[in-house]
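This report refers to the structure that appears directly beneath it.
Chains as they are written, first to last, in the numbering used here: chain A, 1 to 399; chain B, 1 to 399.
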C-alpha cells in the first residue's frame, strides 16, 4: 500500500489492480476486489476491446453483460504487441499490486507478460491466473471456458431429468466460481505480502473450482457406485434427502426440503400427518429417502391445494426451508431485489443507462459502494498514461 | 496472529477459526481458510453432529459428503444450550480470530452467540455469517438452502430445455458460491484487522452470491425483454454466441464454442468451410448468433464423423475451446483428476478410507496440503477444552 489508510478505509484501499480479464471469470475477480476497496485499471486491446465488450450489435454501446461486472474500473486500451504500448504496460506493472489474467494457455508468455517476466520487474506483484485446467493437469494446455468445463467436470452429466439427456447448467457457475476463488487467493496473497513484502503467483483453474459443487454426486459414487444416479432432476444429487423437490401449487411451483428432524416434524404437523411425524422409520434423512415417492406425494397433495404465497408463509412458519420458483424477469422486478445493493441502475454522464452488480461480500465497517459508471474503451488512456510519464520523472516506488 | 510466521508460513498461519457451519456453505468457507493456513475447530452438537454428518445410514461412519469438505478440522462437540458448554464456547471465542455460522435466521441470537454479544467479548473477532437472504432484504427472516435459493434467484428458471420445465441445477452452486464469497470476505477483514486491530461482521447471502452467475440472462432481459429467452438448453443464456452448444460425435458428446474471431476462423479452416470464414455477415458473434441453426448444423455434421478424442485434438489444434462430456464416475477415474490435488484419498488411523477435497486456490510460495484426515465427532474435545482450562489460569490474549 502506498499510504496509511484512514480508519474508514476499505480493506483493499490503496491496492492497484491491472485487470487483463476477459468475459466473466477474470473481470468478476477484479469486480470483487474493487468493491473491497481496490482501484482497478482494465487493460484491453484497442479497437473493439475484450471479447465481452466486443460482443455488441453494430452501433450499440457496451453490452449490458459487460456493464454488469465492469462498473467503476478505469479503461486503458493498449496493444501489447507494439513496443511502445508494451513499455507503457510494464511501467503500469511497476506500480501495480495485482495483475489478473485469464488468457488462453500460452498467451501471456507470447505477449511477454508472464509471471516470471513481471515478477522480475516487480517482486511485490501478485499475479493471478485463471485457466480451464491447472498447470499440473495433463489438460493444462487445453483451451476451455464455462461451457466446456461444465462438460469436462461432470457438471452437465448431473444436470437434467433422469429420463432426459445431460444439459448445460443455465447459470455460468464455472466462470463465477473461478473468479471468486481467484479473488480469495489474491486477498490471501496480499495478507501474506503484508508480512513478507513479496508477491507470488496465484493460480486457480475452472475445473478445480467447480468440483466441490458436485459434493453430493461424488459422495454417492464414492460410497456405492451401484446405488448412485447420474441425473436426479429436482431431487437431491445423492438421493439422500426427502422431501427435496419442486412441487406444484395451484398457481406455480415451490421448492421444499427438510434436512433436519425439527424441520420434518414441523412439516408433518403443518400437514396434519402426525402418523408420519411419529413413524420411527421416518425419523432420519436416510429413512425418509427410502420412502421418497410416498413423501413427495404427501407434500404435493398439500401444495396443490394452496397458492404459492400462502404455502410459503405456512411452511416458513413451521420452520421448513422453501421458496417460490421465480423467473429472471420476476427477479429483476422483485422488490426484494431492489431492496439490496446487488443489481444497480446507473445513469451515465451522457444520460444513457447502464446496470452494474454490487458485491455479495458485505462488511459491517463499510457501506456498499454507490452504483459505479462503466468506462468506455480507452476512456482513461490519457489520464493513466500521462500520470505514468510524469511519475517516471519522479520518485520510484513499489519496492 | 499469535506469533511471527516464518517465511514459509501460509497466509492464514496462526489464525484460529471456529466453524459452526452446517452442510455445505459454512463448512466449505472454513475448508478454504484451512487450506490457506488457518487452524479450524469445528463445533457441533453432541449426539449426531451437524446435519451433514448426521445424514448417515445406521451403523455407518461419517458420510463421504461430510468427509469431502471437513478434512483437517479438529472436532469439538458442545451443547450450546447448556450453561457449562456455553461458557466453554465463550472461552474459545476469546482466543478465536474467525467464527463462521450459517444457522437459520435467529438461531445465533437465541443461542446467545450473535455478533454483538461475541464482539463485546472479543473485538478482534471476525464474525462471518451466511444466510439465504441478506439482512436488508424483506426476505431476511426466511429459511433457505441451495435448492430453495435456486428457485428464488431465477437459477432454476434458466436451467433446462426451452420446451421442457425449469429444473434444479445438479451441482450445489448456490452453497459453494456462498461459502467462497464468505471466505473472501473473511480474508479481506483479516487484512483490514492487520491495520486497524479490529474485527467486524462479514455477511454474505446465498441469493446475492448466485445472482452474478445469471449475467448472460440478466443482460438479455435488461437489453430487450422481447428477444430474451427463459431456458436455452445447451445454448448461450443470452443466445448471443454461436457455435455454443453440445454436439454429438460418433461415440459421445463434446461441448464447443467460439467467442472470438480467431477461434471462428480456426474452426472454419478446420472444417474446410472457407466460404463461412470469409462471409462478412459471420465476422462477429452478433452476426453468427443470427445464423445459429445453420452453424449448429455445420458443426454437428463434422462432429458426427469423428470420435470424441480425435475431434477434441483437432479443434484444440485449431484454437477452438472444447471438451468431452464426462460423467462424475469418469471424472473420479480420470487420470487428469488424479494428477491434481483436488480429490484426495486418505487412509485414517484406524485403516478406514476417507476422501477430502483439496483447495482450488493454489499459491506459488506453498505446496498444496497433504491429504487430511477427518475427525470423528468430539475427537478433540478433551485436547481443546483442557488447553482452554489451563490457558485460563495463565495469561489473557486477544485484545
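Ideal Cβ positions, reconstructed from N, Cα and C, are used throughout, including at glycine.
Same chain only: Cβ atoms within 7 Å of residue i, ignoring 5 sequence neighbours per side
i                     : result
residue 149 (chain A) : 132, 174, 206, 207 and 210
residue 268 (chain B) : 274, 276 and 277
residue 295 (chain B) : 242, 243 and 288
residue 378 (chain B) : 46, 75, 76 and 77
residue 198 (chain B) : 123 and 124
residue 118 (chain B) : 93, 99, 125 and 127
residue 382 (chain A) : none
residue 318 (chain B) : 266, 267, 269 and 270
residue 236 (chain A) : 216 and 244
residue 90 (chain B)  : 121
Element boundaries [alpha helix (DSSP H), containing residue i]
i                     : result
residue 84 (chain A)  : 83-94
residue 116 (chain A) : 115-121
residue 102 (chain A) : Run containing residue 102 (chain A): none; DSSP gives neither H nor E here.
residue 137 (chain A) : It is not in any alpha helix (DSSP H) - residue 137 (chain A) carries neither H nor E in the DSSP assignment.
residue 248 (chain A) : Careful: residue 248 (chain A) lies outside any alpha helix (DSSP H), inside the beta strand (DSSP E) at 244-248.
residue 66 (chain B)  : 64-68
residue 216 (chain B) : 215-223
Chain-order list of residues whose beta-carbon lies under 8 Å from that of residue i (same chain, five-residue window excluded)
i                     : result
residue 261 (chain A) : 283 and 284
residue 156 (chain B) : 150, 166, 167, 168 and 169
residue 177 (chain A) : 206, 209, 210 and 213
residue 143 (chain A) : 104, 105 and 132
residue 337 (chain A) : 331 and 343
Limits of the beta strand (DSSP E) - the one that residue i falls within
i                     : result
residue 13 (chain B)  : Taken as a continuous stretch (DSSP letters only), residue 13 (chain B) belongs to no beta strand (DSSP E), as it is neither H nor E.
residue 201 (chain B) : 201-205
residue 75 (chain A)  : 74-77
residue 188 (chain A) : Residue 188 (chain A) -> not in any beta strand (DSSP E); alpha helix (DSSP H) instead, spanning 173-196.
residue 255 (chain A) : 253-257
residue 151 (chain B) : Run containing residue 151 (chain B): none in the beta strand (DSSP E); it sits in the alpha helix (DSSP H), 146-152.
residue 353 (chain B) : 353-357
Closest Cα partner of residue i within the set the options
i                     : options                       : result
residue 64 (chain A)  : B:390, B:389, B:219 and B:301 : B:219
residue 224 (chain A) : B:248, B:231, B:36 and B:329  : B:329
residue 137 (chain A) : A:237, A:204 and A:21         : A:204
residue 404 (chain A) : B:279, B:152 and B:297        : Beyond the ends of chain A as shown, which are 1 and 399, falls residue 404 (chain A); an answer cannot be given.
residue 139 (chain B) : A:11, A:215, A:331 and A:79   : A:331
residue 99 (chain A)  : A:70, A:130 and A:69          : A:130
residue 59 (chain B)  : B:48, B:69 and B:281          : B:48
residue 255 (chain B) : B:310, B:116 and B:234        : B:234
residue 168 (chain A) : B:165, B:158 and B:177        : B:158
residue 13 (chain A)  : B:227, B:164, B:170 and B:193 : B:193
residue 346 (chain A) : A:69, A:390 and A:30          : A:69
residue 302 (chain A) : A:253, A:230 and A:350        : A:253
residue 145 (chain B) : A:388, A:358 and A:320        : A:320
residue 180 (chain B) : B:355, B:10 and B:24          : B:24
residue 107 (chain B) : B:141, B:120, B:304 and B:212 : B:141
residue 387 (chain B) : B:95, B:196, B:182 and B:57   : B:95
residue 258 (chain B) : B:322, B:293 and B:21         : B:322
residue 22 (chain A)  : A:30, A:31, A:50 and A:9      : A:50
residue 374 (chain B) : B:67, B:18, B:90 and B:358    : B:67
residue 359 (chain B) : A:355, A:352 and A:202        : A:202
residue 232 (chain B) : A:160, A:191 and A:248        : A:160
6 Å Cβ shell around residue i - same chain, five flanking residues per side excluded
i                    : result
residue 72 (chain A) : 34 and 372
residue 15 (chain A) : 38 and 97
residue 85 (chain B) : 78 and 79
Assigned exposure category for residue i - 16 Cβ within 10 Å defines buried
i                     : result
residue 7 (chain A)   : Confidence at residue 7 (chain A) is low in this model, with a pLDDT of 49, below 50, so its placement is unreliable and the value that follows should be read with caution. Residue 7 (chain A) should be labelled exposed.
residue 162 (chain A) : exposed
residue 53 (chain A)  : buried
residue 187 (chain A) : buried
residue 81 (chain A)  : exposed
residue 350 (chain A) : exposed
residue 362 (chain B) : buried
residue 307 (chain A) : exposed
residue 112 (chain A) : exposed
residue 171 (chain A) : buried
residue 280 (chain B) : exposed
residue 310 (chain A) : exposed
The ligand FMN heavy atom lying under 8 Å from the CB of residue i
i                     : result
residue 251 (chain A) : Only the bare structure without any ligand can be found here, which leaves the ligand FMN out of the picture.
So within the stretch 264-342 of chain B, which uninterrupted beta strand (DSSP E) runs reach at least 3 residues, ignoring any that extend past its ends? 322-324
Alpha helix (DSSP H) runs contained entirely in the stretch 12-53 of chain A, provided each spans 4 or more residues: Complete alpha helix (DSSP H) runs here, min 4: 25-35.
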